[in-house]
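Here the structure comes first, spelled out in structure tokens, and everything after it is commentary.
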Amino acid sequence: MIEVVLNDRLGKKVRVKCNEDDTIGDLKKLVAAQTGTRAEKIRIQKWYKVYADHITLSDYEIHDGMGLELYYN
9 MIEVVLNDRL GKKVRVKCNE DDTIGDLKKL VAAQTGTRAE KIRIQKWYKV YADHITLSDY
69 EIHDGMGLEL YYN
């Protein structure tokens with residue numbers, strides 16, 4: 009299990025526990041459950057790299073304690 013920190017730059021930080029073999033789509037569903045926002049409206053990125061839903065966290069080399077940016081479409 010790893011913990012990923014997502015910051016939406018509006019004062020909300022979300023800490024999500026997930027597995028390294030989970031996809032970005034699974035991560036979006038976990039974030040949606042904590043924030044109350046629909047998973048389709050969430051975009052996860054780091055700098056200018058927008059993460060695709062079907063790729064796993066380990067493929068993107070997302071590790072324990074890593075911070076990502078959370079945007080709402």
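So this note's numbering is basically just the index in the sequence shown, starting at one, shifted up by 8. Ideal Cβ positions, reconstructed from N, Cα and C, are used throughout, including at glycine.
Would you identify the three-state DSSP class for Ile32, choosing helix, strand or coil? In the three-state reduction of the DSSP assignment, Ile32 falls in the helix class, which pools H, G and I.
Buried or exposed (CB count within 10 angstroms, at least 16 for buried), Tyr59: It is buried - the Cβ of Tyr59 has at least 16 other Cβ atoms within 10 Å.
Sort Glu77, Asn81, Tyr68, Leu78 by Cα distance to Asn27 and report the nearest one. Per the C-alpha coordinates, the member of Glu77, Asn81, Tyr68, Leu78 positioned closest to Asn27 is Tyr68.
Which listed residue (Arg46, Ile32, Val22, Lys21) has its alpha carbon closest to that of Asn81: For the residues Arg46, Ile32, Val22, Lys21, the minimum Cα distance to Asn81 belongs to Arg46.
Count the other CB atoms within 10 Å of the CB of Lys36; is the residue buried (16 or more) or exposed (fewer)? Per the 10 Å Cβ criterion, buried.
If I'm right that Ile50 touches Val39 with Cβ under 8 Å, what's the distance once you round it to whole angstroms? Approximately 6 Å separates the beta-carbon atoms of Ile50 and Val39; this is inside 8 Å, confirming the contact.
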